[in-house]
Amino acid sequence: MMNHFDGPSGRTGTSALRLSTLQASGPRRTGLRAELLLACMLVPFGLLGAAPPDSGADPELCTPADALLAHLSPDAPGVLVGVVTPDAGLACYRAVGLAHVGHRVPMDRHTRINVGSTAKTVTGWAMARLELDGVLSLDDEARRWIPELPELESPVTLRHLLTHSSGYREFLNALAVGGWRIEDGDFIHPDEVIRVVAEQPRLQNEPGGQWNYNNTGYVLLARVVEAATGRPFPRWIEEEVFGPLEMAGSTFRHDGQRIVPDAAYGYRPRAAGDAPGPEPSDPAAPGWAKAPDVGSPIGAGGLYTTMDDLARWLLALVGEDPRWSEPFQKMREPFVLNDGSATTYGLGLEVDRMAGLERLHHPGGDLGHRTEFMWFPEREVGVMVLTNNAGLSPELPGQVVRAVLGLDSPAGVALDSEEATPEDVDEPGALPTAPGGGEAAPGITDPDHLALLAGRYELEAQPGFVLTIRLSGEGLEAQATGQPPFPLTPQADSAWTIDAVGARLVFHHEDPDGSSMASSLTLHQGGASLPAPRVSSALEEMDLESFEGRYRSEEFETEYTVRAVDGGLRLEHRRRDAVVVTPAGDDRFSGPFPFFGVEFVRDGEGGVTGFVVDAIRARDLEFHRVAGHEPAGAGTR
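Structure (structure tokens):
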């Protein structure tokens, strides 16, 4: 699921990582999916969010979503849902839940929310506008505008930065490997982003050769705007975008300590026992923890805006004024990779299909916020969903969109019709169902049959990315490397769906009747089919103690201590919580963020000399062994 400026993530352009709440397959990726915690306020539900009668709005457009929202709690972090049309502007909205849980401040249409990577639409427009105005060319080498960038093996252009194909390291995932506590809002000076690139020994891929979602490029693009215009990026956007469009509620939080008036705090759920001491007995103080903003995101994120302002921005892009529409036309042209294959990403904008309809959108996320920002040209309607709860299930936003647009009704596109194409199957609920309304065929949930499917499967396209299939109650669940588990829905003897992320798994057996252990599976998602052979367990044969020792990265000036534990290796750092990685093959391990893939390196005599980390967006991070096996327990946390 996708990720946009969503803080640390495991998304890549080489494998379908949309099983993650923070990830894309090939050059494709889905929108963010966060459950909407909407609630009835102290007025009848049908009046929630009703716009003033003189606004020309059509509040009935939101009515189809009411049934989905009516059961949600008023005491949770809040959500905004809005529908935009050219005739009515913000035609209708629902504002429910809390912008500030501690002070019980309700969410409303004027609440400022961090929209994460949806801010990339603004940066993409800025670059397209500057090119149209003759200030720069998107084919300029990035080093022309930022001389501090290193001269590596191939030139990187502004277009490569815009289209996530530069080959630069993604600074969030890279710094997390280096010891920064990104998920806890660790301070990142803006210059640190350039330092990450400057210390990079080589490109991760040939520029233009691979799509790999990358916030680094957009932070650099904000610097380019400053160099090309002579004005700080926030000021240029204020004077060229927010001012002309009367987006008075929009501002960049360029300093993590800056107070943004009328802003919603970001929250993530805190389970009982997560914090020392007893849980609060006050029912008005539920288990929520404040989630800080990710540091140094300007250009890639950091935009606080309102539902009203987002509506103004969307309508400007899709309107007729050439000041806005001409850059927008450039933004919506999908980038073509060096090998001639098209991505679904343009200039700060995703261009794909949802349930048969063309969709122009950019989801967004931060540690405590999630956003959906969509435009459907064939319907001339936009749908926006904003929430300040990062711990929500992924399904409801897609359901809200489909309800509002009538996509699940006879007037919409039948998701399991013959007209549906693989490209349409990229959102929750969009997968074809089994005959009989999706009921499982006899024997599918037989425990003996399930046992043949359970195991660990590694994607061929992304070594170290493992899908673990395990028994759960009377069925199965799937858990991808570094991601939460999702339930599987049976469709046939060897075909199961992960409805939450719009994926389908087909298991393969060596014998024709399927009575043997599954030898591999294929992950179908977003039009891609990705094989994943079963990983044979080598735990009993692997000498885990041979990997123990201290390992240092000169690039990040940091060290990890590796210790053997039950079932894998424990990576310990003086600042980060320890991480356990488990075997994924010969000398290869996989684990949670940011150690999605760890491969140990040996010398000519078979001795372990180091390891290389694949953090998906940041790859080939090298650590060299500086000390061997140490006594168990020494220095453990």
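Each residue of the sequence shown is one higher than the last, beginning at 12 in my numbering. Virtual Cβ for every residue (Gly too), placed ideally from N, Cα, C.
The beta-carbon distance between Val126 and Thr262, rounded to whole angstroms, is 12 Å. This is too long to meet the 8 Å contact definition. A distance below 6 Å between beta-carbons, with the five flanking residues on each side excluded, links Phe198 to the following residues of its chain, in chain order: Gly306. For Arg581, the uninterrupted beta strand (DSSP E) segment begins and ends at 579-583. Counting of Cβ neighbours within 10 angstroms places Pro594 among the buried residues, the total reaching 16 or more.
DSSP places Asp625 outside any alpha helix (DSSP H); the residue lies instead in the beta strand (DSSP E), whose first and last residues are 619-625.
Taking a contact to require three or more Cβ pairs closer than 8 Å, the stretch 133-144 and the stretch 182-194 do not qualify as touching. Annotation: Trp156 is outside any beta strand (DSSP E); the continuous alpha helix (DSSP H) that includes it extends over 153-156. Rounded to the nearest whole angstrom, the CA to CA distance from Thr569 to Leu325 is 44 Å.
When secondary structure is reduced to three states using DSSP, Tyr229 falls in the helix class. The C-beta distance from Pro243 to Glu251 rounds to 12 Å, too long to meet the 8 Å contact threshold. Leaving aside the five residues that flank Leu582 on each side, the residues in its chain whose CB is nearer than 7 Å to its CB run, in chain order, Tyr571, Val573, Ala589, Val590, Val592, Phe606.
C-alpha of Arg234 to C-alpha of Asp459: approximately 59 Å in a straight line. Residue state for Asp554 is assigned as coil, using DSSP reduced to three classes. Taking 8 Å as the cut-off, the Cβ atoms of Gly393 and Met385 count as close. Per the C-alpha coordinates, the member of Met118, Ser128, Leu231, Arg206 positioned closest to Val167 is Leu231. Taking every protein chain shown into account, the CB of Ala259 has fewer than 16 other CB atoms within 10 angstroms, so this residue is exposed. In the DSSP assignment, the residues bridged to Gln536 are Ala514, Ala539. For Glu568, no alpha helix (DSSP H) segment is defined, and its DSSP state is neither H nor E. By the neighbour-count criterion, in which 16 or more other beta carbons inside 10 Å mark a residue as buried, Arg123 falls on the buried side. Per DSSP, the unbroken beta strand (DSSP E) holding Glu633 starts and ends at 632-638. Per DSSP, the continuous beta strand (DSSP E) segment holding His372 begins and ends at 368-372. For Phe339, the uninterrupted alpha helix (DSSP H) run begins and ends at 333-342, by DSSP. His171: member of the alpha helix (DSSP H) spanning 169-173, first to last residue. Taking a 10 Å sphere around the C-beta of Leu482, we find fewer than 16 other C-beta atoms and assign the residue as exposed.
Leu378 places its beta carbon less than 8 Å from that of Asp304. The residue among Thr96, Pro70, Val107, Gly608 with its C-alpha nearest the C-alpha of Ala81 is Val107.
Minimum Cα-Cα distance from Pro308 among the listed residues Thr134, Lys341, Ser564, Thr533 corresponds to Thr134. Comparing alpha-carbon positions, the option among Glu521, Gly359, Phe253, Trp222 lying closest to Asp350 turns out to be Trp222.
Sequence-distant Cβ neighbours of Tyr356 in its own chain, meaning closer than 7 Å and more than five residues away, are Pro38, Thr174, His175, Trp222, Pro345, Phe346. Looking at the backbone, the Cα of Ile480 and that of His373 are separated by about 31 Å. Judged by beta-carbon spacing, Leu463 lies beyond the 8 Å limit of Leu487, meaning their Cβ atoms are not closer than that value. His460 carries a helical assignment under DSSP once its states are collapsed to helix, strand and coil. Sorting Pro408, Phe567, Gln502 by C-alpha distance to the C-alpha of Leu79 places Pro408 at the top. The closest CA to that of Lys131, considering only Trp156, Leu321, Pro161, Ala102, is found on Leu321. Closest in alpha carbon position to Ala102, among His121, Cys73, Thr129, is Cys73. For Pro496, the three-state secondary structure derived from DSSP is strand.
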